[in-house]
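Numbering (our numbering) for the sequence shown: 1 to 198. Idealized CB from N, CA, C, for every residue including glycine. Taking it in order: structure first as structure tokens, then the write-up.
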Amino acid sequence: MHRLDATHYPVAAWKNGGGSTRQVVIHPAGADLETFDYRISLANVASDGPFSFFSGVDRTLALVTGERDGDGLELDFAGSATHHSLTPQSAPLVFAGELAVVSRLTGGPVLDFNVMTRRTRRRHRVSELRLTEALTLAHGADTFLLLAAGDACTANDGLRCETLARLDALSLAEPGVLTLTPHGPCRLFRVEILPAGV
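Written out as structure tokens, the structure reads:
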């Protein structure tokens, strides 16, 4: 169990230069935007515009509440009639990284949570947990990460306790059981990274 401190996430420009991102984790270590197997990040979206192009990559996008001022994102997928309204209450949105997507802010800037896997090597699942009381959560042997998108919570694996402040993450690479105790209404994103084809 390893806590990732949000104040230490490295900040970099988007691939298309349209904004900035805070990198939570990238694998393998030292990989860049063309060579990662998986990447998890937080992005500040301050203006309308196109998403970066990621060939061969599957993406999941969700909005984090409370840090920015906006209400959500309107997403248009070029070449089709597909349109999505993404708000902090929406389920995480899954789409292919090579699709041409243009976003429009509704109400001001937002902070998004982004998970990407190179589909020939890995795949991922993202789900959301909203806690008002303690929860016992079992996790498997695949890479597993929790990101605190709301009030803080404490994670206990029976050997250690870690307190996650807002936007901190918890990384686990071995199977086990966690007890999560919220300090207030707590929203967490749960990420599982699995081998491709499994």
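Run through the DSSP bridge pairs and tell me what residue i is partnered with.
i           : result
residue 114 : 41, 61
residue 73  : 86, 105
residue 162 : 155
residue 22  : 11, 42
Return the first residue and the last residue of the beta strand (DSSP E) that residue i is part of.
i           : result
residue 176 : 176 to 182
residue 132 : From DSSP, residue 132 is part of no beta strand (DSSP E); its letter is neither H nor E.
residue 192 : 186 to 195
residue 169 : 169 to 172
residue 99  : Segment: none, residue 99 is in no beta strand (DSSP E) and carries neither H nor E.
residue 3   : 2 to 4
residue 143 : 143 to 148
Roughly how many angstroms separate the alpha carbons of residue i and residue j, rounded to a whole number?
i           : j           : result
residue 20  : residue 112 : 11 Å
residue 52  : residue 166 : 26 Å
residue 147 : residue 78  : 31 Å
residue 115 : residue 181 : 25 Å
residue 32  : residue 12  : 11 Å
residue 47  : residue 63  : 15 Å
residue 189 : residue 65  : 12 Å
residue 127 : residue 85  : 18 Å
residue 137 : residue 159 : 15 Å
Within 10 Å of its beta-carbon, does residue i have 16 or more other beta-carbons around it, so buried, or fewer, so exposed?
i           : result
residue 58  : buried
residue 73  : buried
residue 184 : exposed
residue 187 : buried
residue 2   : exposed
residue 178 : buried
residue 94  : exposed
residue 118 : buried
For chain B, is any of its Cβ atoms less than 7 Å away from the one on residue i?
i           : result
residue 130 : Annotation note: the requested chain B is absent from the structure, which comprises a single protein chain.
- So, do the region 98 to 106 and the region 168 to 175 have three or more beta carbon pairs nearer to each other than 8 Å? The region 168 to 175 and the region 98 to 106 do not touch, with fewer than three beta-carbon pairs separated by less than 8 Å.
- Kindly confirm or deny that the region 80 to 90 and the region 37 to 44 touch, where touching means at least three C-beta pairs closer than 8 Å. Contact fails: fewer than three Cβ-Cβ distances are below 8 Å.
- Message: Pairs of beta-carbons, one from the region 118 to 126 and one from the region 9 to 25, closer than 8 Å: are there three or more?
- Response: The answer is no - the region 9 to 25 does not touch the region 118 to 126, with fewer than three Cβ pairs under 8 Å.
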